[in-house]
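The sequence shown: position 51 = 345 (my numbering), numbered continuously.
Ideal Cβ positions, reconstructed from N, Cα and C, are used throughout, including at glycine.
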Amino acid sequence: MRDAEFFRHWMTAAAAAVEREADRLTELDSPIGDADHGSNLLRGFTAVVNELEAQGPDQPGAVLQLAGRTLISTVGGASGPLYGTLLRRAGKELGEAAEVDDEQVRKALYAGVGAVAQLGGAAPGDKTMLDALVPAVAALGTSYRAAADAAENGALATVPLRARKGRASYLGERSIGHQDPGATSSALLLAALADVAEDRAGAEGRA
Ligand code: ADP
Ligand code: MG
């Protein structure tokens, strides 16, 4: 069973991964965006960790809802409302239980990814975070690590795609040949989840 602590660890590990990779995310957002994806997420996840610390929600659903609300209110770019919606919706699905099982987590994240698709109007193949998130939630039934691997492969597979949603779509054909920053950060978030599920997030993730 997974308790509030598990989801707090996920968010802490995600924040650490975003901090480690912020420069790379911003570099990916340079040729096909406005070079702010790393700084957007760094601001957002730093605020998430601070809010979780300050408010100490003690239910899994409450942790994810607070994280989602915080991303929406602190990240100006498209990714803030999208990731915020993912976590808020997943948190709502988990309800007020003190502990949830992995099947509930899978269903909650599946619903969260559906909410992202609805909000942004994108589908797999449009060269967005959904190219990582959709295969990831499909693989969650196998394991958290399978989901992380699917997200990573999905992010790599965005390189030859032409962007049809978001800022990169303004570039048309010129968006081809670049990895999507949002799909890349989604792979980081799923890898952080797998690490925490395997209790491999390390001291940093549990600090
Ligand atoms: P902005 O594009 O506003 O500068 P970010 O740079 O933080 O915001 O995030 C860009 C990422 O957001 C893209 O790489 C893409 O993955 C994702 N994104 C943008 N628009 C959409 C959308 N409509 N649906 C899903 N993801 C999107
Ligand atoms: Mg950007």
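At a cut-off of 8 Å, is His331 close to the ligand MG when judged by its beta-carbon and the heavy atoms of the ligand?
At least one heavy atom of the ligand MG is nearer than 8 Å to the Cβ of His331, so yes.
Evaluate the contact criterion for the segment 428-437 versus the segment 330-341: three or more CB pairs, one atom per stretch, below 8 Å.
no
Which listed residue (Met423, Phe300, Asp323, Ser469) has its alpha carbon closest to that of Leu358
Phe300
Cβ-based neighbour list, Leu376, same chain, cut-off 7 Å, excluding 5 preceding and 5 following:
Result list for Leu376: Val410, Leu413, Gly414, Met423, in chain order.
beta-carbon Asp420 near the ligand MG non-hydrogen atom, thresh 8 Å:
With a cutoff of 8 Å, Asp420 does not count as near the ligand MG, since its C-beta is closer than that to no heavy atom of the ligand.
Straight-line Cα distance separating Ala405 from Gly250
Because the chain spans 295 through 501 in this model, residue 250 falls outside it and cannot be assessed.
Does the count of Cβ pairs from the segment 362-374 and the segment 338-354 closer than 8 Å reach three?
The answer is yes - the segment 338-354 touches the segment 362-374, with three or more Cβ pairs under 8 Å.
In three-state DSSP terms, what is Glu321?
helix
Quick one: is Pro429 buried, meaning 16 or more other Cβ sit within 10 Å of its Cβ, or exposed?
buried
Do Ala426 and Glu397 have their C-beta atoms closer together than 9 Å?
no
Should Leu424 be counted as a contact of the ligand ADP given a C-beta to heavy atom distance under 8 Å?
Within 8 Å of the C-beta of Leu424 there is at least one heavy atom belonging to the ligand ADP.
Can you tell me whether Arg383 is buried or exposed? The criterion is at least 16 other CB atoms within 10 Å of its CB, across all chains shown.
buried
Contact check, Val407 vs Val431, beta carbons under 9 Å
yes
Could you check whether the segment 461-474 touches the segment 315-335, counting it as contact only if at least three pairs of C-beta atoms, one from each stretch, sit closer than 8 Å?
yes
Check whether the Cβ of Arg468 sits closer than 8 Å to any heavy atom of the ligand MG, and report yes or no.
no
Three-way DSSP call (helix, strand, coil) for Glu313 in this model:
helix
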